[in-house]
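Per the numbering used here, the very first residue in the sequence shown carries number 2; after that it's consecutive.
The beta carbon of each residue, even a glycine, is placed where N, CA and C say it ideally should be.
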Amino acid sequence: MRLLFARQSAATTVPGDGEWLASAYGAGADPLVDGLPALMERATKEARSPRTRPSATPSAPSTAAAELLDALTRLRSLTLAATLAGEDVSRDLKLRAAMSVAIGAAHGLSLASSSQPTAGDLAHTWAGVNAVLIAAGRRGLTPYDDPRRRA
Numbered sequence: 002m003r004l005l006f007a008r009q010s011a012a013t014t015v016p017g018d019g020e021w022l023a024s025a026y027g028a029g030a031d032p033l034v035d036g037l038p039a040l041m042e043r044a045t046k047e048a049r050s051p052r053t054r055p056s057a058t059p060s061a062p063s064t065a066a067a068e069l070l071d072a073l074t075r076l077r078s079l080t081l082a083a084t085l086a087g088e089d090v091s092r093d094l095k096l097r098a099a100m101s102v103a104i105g106a107a108h109g110l111s112l113a114s115s116s117q118p119t120a121g122d123l124a125h126t127w128a129g130v131n132a133v134l135i136a137a138g139r140r141g142l143t144p145y146d147d148p149r150r151r152a
């Protein structure tokens with residue numbers, strides 16, 4: 002059976018206009034969203050780095066994941082302070098829903114075990130950040146490379 006609509010990854014689809022973000026939330030929103038891919042890449046590298054022993058302060062959050070969480074939290078603060086009308090309201094709802102998932106996942110990643118964050122923490126954070134980027138009208142992250150799926 003042939004599919005009527007072939008599946009496409011978020012990285013290959015053409016992103017939406019995206020200019021609504023700055024007009025809805027102010028000039029500070031664009032740099033926060035534009036910085037998310039780099040922060041996610043750093044958090045991924047940090048989470049995958051091998052650790053031979055637990056850190057001295059087990060409750061201290063990881064640096065890159067904590068920066069990612071901070072950026073998402075600042076973006077949420079901008080959205081909560083905004084008053085929107087028209088078409089921006091539905092976009093805002095999608096962005097807020099994506100941010101709630103991303104913030105929860107980034108918080109879990111930043112507070113993961115001192116010996117090694119789980120692959121699940123990393124995958125959930127990647128999915129949440131990807132959803133925020135797409136909801137903001139940006140190009141999504143490249144497909145997640147899960148080391149557990151390698152044959």
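The count of Cβ pairs closer than 8 Å, one atom from the region 129-138 and one from the region 98-105, reaches three, so the stretches are in contact. Less than 8 Å separates the beta-carbon of LEU79 from that of GLY27.
In the structure shown, the three-state DSSP call for GLY109 is helix. In this structure, THR64 is the residue among THR64, VAL90, LYS95 and ASP93 with its C-alpha nearest to the C-alpha of ALA107. Here the alpha carbon of GLY109 sits roughly 6 Å from the alpha carbon of ASP122. The beta-carbon separation of ASP89 and ALA48, rounded to 34 Å, does not stay under the 8 Å limit for a contact. At a Cβ-Cβ threshold of 8 Å, GLY141 and ALA103 do not count as neighbours. Between LEU73 and ALA44 the beta-carbon gap is near 11 Å, outside 8 Å, which marks them as no contact.
Exposed is the label assigned to SER91, since fewer than 16 other Cβ atoms lie within 10 Å of its Cβ.
The DSSP-derived three-state label of ARG139 is coil. A direct Cα-Cα distance of roughly 17 Å separates ALA30 from MET41.
Taking ASN131 as reference, the option from TRP21, LEU22, ARG77 and PRO38 with the minimal CA-CA separation is PRO38. About 7 Å separates the beta carbon of VAL34 from that of LEU76, a gap short enough to meet the 8 Å contact definition.
Burial state of ALA86 is exposed, judged by a 10 Å Cβ sphere holding fewer than 16 other Cβ atoms. One alpha carbon belongs to GLY36, the other to ARG139, and they sit about 11 Å apart. Just measuring C-alpha positions, the residue of ALA83, SER50, ALA124 and THR143 sitting nearest TRP21 is ALA83.
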